[in-house]
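In the working numbering, the protein residues as written are 3 to 149.
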Amino acid sequence: MVVYDLACPLEHRFEGWFESAASYETQRERGHLSCPLCNSKEITRMPSAPYLRGAGEHSAPEGERQPMMMVAGELVSALRRQVIQQVLALTEDVGEDFPDVVRDMHYGESESRNVRGVATPEALEELHEEGIDVLVFGMPDTLGSTH
Ligand SMILES: [Zn+2]
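Here is the structure:
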């Protein structure tokens, strides 16, 4: 098992766990890797440098520094489908109002509830900067419509 520090063009950093270096290469070449935040498939490997995460980086928003668990392999599409079906069942669809709705909840202007919706990577960045915790999924095409 190898663990790589990965990043997308928007500089979202996350960890990927792979069976081997070759497994990482294969998955990247086949476009199986994607950023958990923005779903970009342009993933690059960052030099592993854990010491960079130490002192001196406190000022960075906490969310960006958290390693994220990644799963790769054939299980991924099945898992994603299952999770999304659960999400569809348990959340209210607020569509493109998502950033406003979660912001209102975060600042106590509306009651907290489970919602789902869509947001641009830019809007997502803003939410992260405000310390608002949201979970991001790349939607499979077949589930792109939430109706
Ligand atoms: Zn990203």
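No residue lacks a Cβ here, since even glycine has one placed at the ideal position from N, Cα and C.
Bridge partners for residue i per DSSP, in chain order?
i      : result
Tyr6   : Gly18
Thr46  : Ala9
Phe118 : Note that residue 118 is Arg in the sequence shown, not Phe. Its beta-bridge partners are Asp95.
Would the beta-carbon of residue i be found less than 7 Å away from any heavy atom of ligand 1?
i      : result
Ser22  : no
His34  : no
Leu12  : yes
Leu8   : no
Leu137 : no
Leu39  : yes
Ser42  : yes
Under the rule that 16 or more other beta-carbon atoms within 10 Å means buried, what is residue i, buried or exposed?
i      : result
Pro63  : Low confidence applies to Pro63: its pLDDT is 49, below 50, so where it sits in the model is not reliable enough to give any reading.
Phe100 : buried
Gly18  : buried
Ala80  : exposed
Leu137 : exposed
Tyr109 : exposed
Val5   : exposed
Val103 : buried
Arg30  : buried
Ala121 : buried
Am I right that residue i and residue j are in contact with their C-beta atoms under 8 Å? What's the rounded C-beta distance?
i      : j      : result
Leu35  : Leu126 : Not confirmed; about 19 Å, so no contact.
Pro123 : Leu12  : 6 Å
State yes or no: is the C-beta of residue i within less than 8 Å of the C-beta of residue j?
i      : j      : result
Val117 : Val89  : no
Met3   : Glu21  : yes
Phe16  : Met107 : no
Ile134 : Arg105 : yes
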